[in-house]
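Read in the UniProt record's numbering, the sequence shown has 107 at position 107, and its numbers run on one by one without any break.
Every residue, glycine too, gets a C-beta built ideally from N, C-alpha and C.
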Amino acid sequence: MHAFITPDGTSDTDDDILLRKVSGQALAMLAMDGSGNNCVAMLRETGYALVQELACMIHDDWYRCIAASLLRSLCLHARHELKATDLNFFRKENLFRLYITEVLERILLAESAELEILIGLSSQVSKTFPEELARELEHREIMEAFTKRLADVLDANMEPRGDCPGIRRMVLEQVINLMEHNSRYVNCFNNHAWSETIFSSLRGQEAAWCPSLRHLQHLVALVQFIALWLVAKQLQQLTVDGGRDYIRG
1 MHAFITPDGT
11 SDTDDDILLR
21 KVSGQALAML
31 AMDGSGNNCV
41 AMLRETGYAL
51 VQELACMIHD
61 DWYRCIAASL
71 LRSLCLHARH
81 ELKATDLNFF
91 RKENLFRLYI
101 TEVLERILLA
111 ESAELEILIG
121 LSSQVSKTFP
131 EELARELEHR
141 EIMEAFTKRL
151 ADVLDANMEP
161 RGDCPGIRRM
171 VLEQVINLME
181 HNSRYVNCFN
191 NHAWSETIFS
201 SLRGQEAAWC
211 PSLRHLQHLV
221 ALVQFIALWL
231 VAKQLQQLTV
241 DGGRDYIRG
């Protein structure tokens, strides 16, 4: 953690950058452990403002994807361990705007593995800070562009790709998290023929029930609810294989 979060010295030689990047990759791999134990251990490590430091790295081209992967894992596997200082750090409007807006704007432009990781992070942000994210989407007037981007990404990834094999799961998870918070997103997705896109992506998939989607029934049209119901098994079996492949790269 020291090598990645607080490296010694101010040198930016190729060796220094490589060492820091490799250290970060190792942390990101450990954080993907589904038990959450590694994430909890990282958050409990004294002497670090881990969440704040990772948020700052979102602006750094060298370490953006590693930091985003770590933040996603911390929110996914150890949300209960996030300290009040961590949560309040992001709840300050100017700070949330400074860091999360970078993620949202990068999603509109990024491709392949970086896009997958950033959508995964935004999905967890929408679960941890739903009101703040909704406010930011509206403030930046990018809600339409953001939902269209998600639909376009899903449409462009009907078949799994080696460079971002989990991107469809990340997009669907993001969509459900948004609609769980507020039904107004349904209209945004409807504007982009979202139900047709989902049905196309589900062709040949096995149907399964997911209790976490039960309360969505009153929010969306029947055809959309059935579509989300069908993807439930895929979402429940969300793996980190895609993230692992990219972090190793």
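Does residue i pass the burial test, meaning 16 or more other C-beta atoms within 10 Å, or should it be called exposed?
{"i": "Leu50", "result": "buried"}
{"i": "Arg169", "result": "buried"}
{"i": "Leu121", "result": "buried"}
{"i": "Val171", "result": "buried"}
{"i": "His215", "result": "Because the pLDDT at His215 is just 40, under 50, the model does not fix this residue reliably, and the value given afterwards should be weighed accordingly. With fewer than 16 other Cβ atoms within 10 Å, it is exposed."}
{"i": "Glu45", "result": "exposed"}
{"i": "Val22", "result": "exposed"}
{"i": "Asn157", "result": "buried"}
{"i": "Glu138", "result": "exposed"}
Would you mind stating whether residue i and residue j have Cβ atoms separated by less than 8 Å?
{"i": "Leu76", "j": "Gln25", "result": "no"}
{"i": "Ile142", "j": "Val153", "result": "no"}
{"i": "Leu108", "j": "Arg149", "result": "yes"}
{"i": "Ala67", "j": "Cys39", "result": "no"}
{"i": "Glu114", "j": "Cys56", "result": "no"}
{"i": "Ser183", "j": "Ile117", "result": "no"}
{"i": "Thr101", "j": "Glu136", "result": "yes"}
{"i": "Ala41", "j": "Leu74", "result": "no"}
{"i": "Ala134", "j": "His80", "result": "no"}
{"i": "Ile17", "j": "Tyr48", "result": "no"}
{"i": "Phe90", "j": "Phe146", "result": "no"}
{"i": "Asn177", "j": "Ser126", "result": "yes"}
{"i": "Phe96", "j": "Glu132", "result": "yes"}
{"i": "Gln52", "j": "Ile119", "result": "no"}
Which stretch, first to last residue, makes up the alpha helix (DSSP H) that contains residue i?
{"i": "Ile17", "result": "Asp14 to Ala31"}
{"i": "Ala3", "result": "His2 to Ile5"}
{"i": "Cys56", "result": "Leu50 to Met57"}
{"i": "Asn157", "result": "Note, Asn157: premise wrong, no alpha helix (DSSP H); not H, not E."}
{"i": "Ser35", "result": "Counting along the chain, Ser35 falls outside any alpha helix (DSSP H), and DSSP gives it neither H nor E."}
{"i": "Ala110", "result": "Run containing Ala110: none; DSSP gives neither H nor E here."}
{"i": "Pro130", "result": "Pro130 to His139"}
{"i": "Asn177", "result": "Ile167 to His181"}
Quiz item: Going along the chain, which unbroken runs of the alpha helix (DSSP H) with 4 or more residues stay wholly within the region 71-107?
Solution: 84-91 and 93-107
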